[in-house]
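Colleague: Counting from 0, one number per residue, gives the positions in the sequence shown under numbering that gives the first Met the number 0. Below is the structure I would like to discuss, written out as structure tokens.
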Amino acid sequence: MARVISVEAERFPIAGVFTIARGSKTEAEVITCTIGDGSHAGRGECVPYKRYGETMDSVLAQIEAMRAALEAGMGRAELQAAMPAGAARNAIDCALWDLEAKTATTSVAALLGIAPGPLETAYTLSLAEPEAMAAQARANAGRPLLKVKLGGENDAARIRAVRDAAPNNRLILDANEGWTDDNVAENIAAAAALGVTLIEQPLPAGRDGKLRHIARPVPICADESVHATNDIETLVGLYDAVNIKLDKAGGLTEALLLRDKARQCGLSIMVGCMVGTSLAMAPAVLLAQGADYVDLDGPLLLARDRDPGLHYQGSLVSPPQAALWG
Numbered sequence: 000m001a002r003v004i005s006v007e008a009e010r011f012p013i014a015g016v017f018t019i020a021r022g023s024k025t026e027a028e029v030i031t032c033t034i035g036d037g038s039h040a041g042r043g044e045c046v047p048y049k050r051y052g053e054t055m056d057s058v059l060a061q062i063e064a065m066r067a068a069l070e071a072g073m074g075r076a077e078l079q080a081a082m083p084a085g086a087a088r089n090a091i092d093c094a095l096w097d098l099e100a101k102t103a104t105t106s107v108a109a110l111l112g113i114a115p116g117p118l119e120t121a122y123t124l125s126l127a128e129p130e131a132m133a134a135q136a137r138a139n140a141g142r143p144l145l146k147v148k149l150g151g152e153n154d155a156a157r158i159r160a161v162r163d164a165a166p167n168n169r170l171i172l173d174a175n176e177g178w179t180d181d182n183v184a185e186n187i188a189a190a191a192a193l194g195v196t197l198i199e200q201p202l203p204a205g206r207d208g209k210l211r212h213i214a215r216p217v218p219i220c221a222d223e224s225v226h227a228t229n230d231i232e233t234l235v236g237l238y239d240a241v242n243i244k245l246d247k248a249g250g251l252t253e254a255l256l257l258r259d260k261a262r263q264c265g266l267s268i269m270v271g272c273m274v275g276t277s278l279a280m281a282p283a284v285l286l287a288q289g290a291d292y293v294d295l296d297g298p299l300l301l302a303r304d305r306d307p308g309l310h311y312q313g314s315l316v317s318p319p320q321a322a323l324w325g
């Protein structure tokens, strides 16, 4: 049977407002790609990201440009060569993985040779004034790992407020490139004094060379500075870990290679996400098996998720069921 491709733009409301250093939003804008062969259908979801020059329209256009090749039978290997890393390739790549598993009446986990189990995910606290962030921390103190969005003035006060409100939780700080050469050392020292576990992307990508020359008493994780496998070697000595996101890597196929390369280079692994639904998180749950840090809380930030979605019990997320993906 000939393949049939469908692409849909969807919006899912966020529970409240989600704020990071680059701005705020009240809904998750996602694109879903479905590839069917007449008997089975595979799905993939991506989140276009303005920071990387992506819009809903541009990503839709990129996927549409692949329609003829996909309908003619393009596979994941050809896709890697035909498209750059990014959200559009992610949606297609994950749809092809899902279709491959369903066609073979197996699971993506089986194709990968893994037996996945539940993972503990971080839960993200939105950037706000210190008192408001402390209130978020108190409300979620039952979650063992909190991710604290930073990147404004007075971040040391925010870190202290969250730590006072959640004294027993592990904390990841995410500055989203919002610190500067003038305050990065001070903020890292404050984080170390308050027992922070990890700091993500303190300085802007491409302007992070200072990390090579300052004390790093808390491990530093690259996010915006790492997209695909060929970025890894340039990060050794600057960072201690990398945050792998499917939308940056351009799909599960590249993300698996990126993870393995990072480990070979001695870097710790975080698997993260954009704010999307369970369909976007599902392949990342498989990627994150054995990761050092997991941040796959996108559906927990939404007012409404897909049905069926992933099963979350507190901060534990279980592997996807076939009705969702994989």
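Glycine residues also receive a C-beta, built at the ideal position from the N, C-alpha and C atoms.
#1: In this structure, what does DSSP give as the bridge partners for P12?
#2: Can you list, in chain order, the stretches of the beta strand (DSSP E) that have 3 or more residues and sit fully within the region 102-126?
#3: Give the C-beta separation of V293 and A121 to the nearest angstrom, bearing in mind that I take them to be a contact with Cβ-Cβ under 8 Å.
#4: Under a Cβ-count criterion, where at least 16 other Cβ atoms within 10 Å of its own Cβ denotes burial, should Y51 be classed as buried or exposed?
#5: In the DSSP assignment, find the unbroken alpha helix (DSSP H) run with V270 in it and report its ends.
#6: Whole angstroms are fine: how far does the CA of C45 sit from the CA of A76?
#7: Could I get the ranges of all uninterrupted alpha helix (DSSP H) runs contained in the region 16-93, with 4 residues as the minimum, in chain order?
#8: Note the first and the last residue of the continuous beta strand (DSSP E) segment covering L197.
#9: With DSSP collapsed to three states, give me the class of D259.
#10: Below 8 Å between beta carbons: does that hold for L110 and I91?
#11: Going by Cα to Cα distance, which pick from V29, T102, P282, A80 is closest to L323?
#12: Kindly indicate the opening and closing residues of the beta strand (DSSP E) around L245.
#13: Could you name the residues that DSSP lists as bridge partners for N242?
#14: Please report the Cβ distance between I243 and L257, rounded to the nearest whole angstrom; I am assuming they are in contact, meaning their Cβ atoms lie under 8 Å.
#15: Any contact between the region 155-166 and the region 127-147? By contact I mean 3 or more CB pairs, one from each, below 8 Å.
#16: What residues match up with C220 in a beta bridge as DSSP calls it?
#17: Between which residues of its own chain and C264 is the CB-CB distance below 7 Å, once the five residues before and five after are set aside?
#18: For N167, which of W178, D180, P143 has the nearest alpha-carbon?
Modeller: The relevant details are as follows:
#1: For the purposes of this step, residue 12 is taken as residue 13 along the sequence shown, with counting starting at 1. In DSSP, P12 forms a bridge with E26.
#2: Within the region 102-126, the complete beta strand (DSSP E) runs of at least 3 residues are 122-124.
#3: Here residue 293 is taken as the residue at index 294 of the sequence shown, counted from 1. Here residue 121 is taken as the residue at index 122 of the sequence shown, counted from 1. Contact holds; Cβ gap of about 7 Å.
#4: Residue mapping note: residue 51 aligns to position 52 of the sequence shown, counting from 1. Answer is exposed; the Cβ neighbour count stays below 16.
#5: The residue given as residue 270 occupies position 271 in the sequence shown. Counting along the chain, V270 falls outside any alpha helix (DSSP H), though it belongs to the beta strand (DSSP E) covering 267-270.
#6: Within the sequence shown, numbered from 1, the residue matching residue 76 stands at position 77. Within the sequence shown, numbered from 1, the residue matching residue 45 stands at position 46. About 19 Å.
#7: The region 16-93 contains these whole alpha helix (DSSP H) runs: 55-64, 66-70, 75-81.
#8: Here residue 197 is taken as the residue at index 198 of the sequence shown, counted from 1. Here the beta strand (DSSP E) through L197 covers 197-199.
#9: As a working mapping, residue 259 is identified with position 260 in the sequence shown. In this structure, D259 counts as helix in the three-state DSSP scheme.
#10: Locating residue 110 in the sequence shown gives position 111, counting from the first residue. Locating residue 91 in the sequence shown gives position 92, counting from the first residue. No; because the gap between Cβ atoms is not below 8 Å, this pair is not in contact.
#11: Here residue 323 refers to the residue found at position 324 when the sequence shown is read from its first residue. For the residues V29, T102, P282, A80, the minimum Cα distance to L323 belongs to P282.
#12: In the sequence shown, the residue the question calls residue 245 occupies position 246. Careful: L245 lies outside any beta strand (DSSP E), inside the alpha helix (DSSP H) at 245-248.
#13: Reading the sequence shown from its first residue, position 243 is the one you call residue 242. For N242, which the question treats as bridged, DSSP gives the partners M269.
#14: Mapped onto the sequence shown, residue 243 falls at position 244. Mapped onto the sequence shown, residue 257 falls at position 258. Contact between I243 and L257 is confirmed by a C-beta separation of about 6 Å, below the 8 Å threshold.
#15: Counting Cβ pairs under 8 Å, three or more are found: they touch.
#16: Taking the first residue of the sequence shown as position 1, residue 220 is located at position 221. Answer by DSSP bridge pairing, in chain order: E199, A240.
#17: Position 265 of the sequence shown, counting from 1, holds the residue named residue 264. Closer than 7 Å at Cβ, skipping near neighbours: I231, E232, V235.
#18: The residue you call residue 167 lines up with position 168 of the sequence shown. Put simply, of W178, D180, P143 the residue whose alpha carbon is nearest the alpha carbon of N167 is P143.
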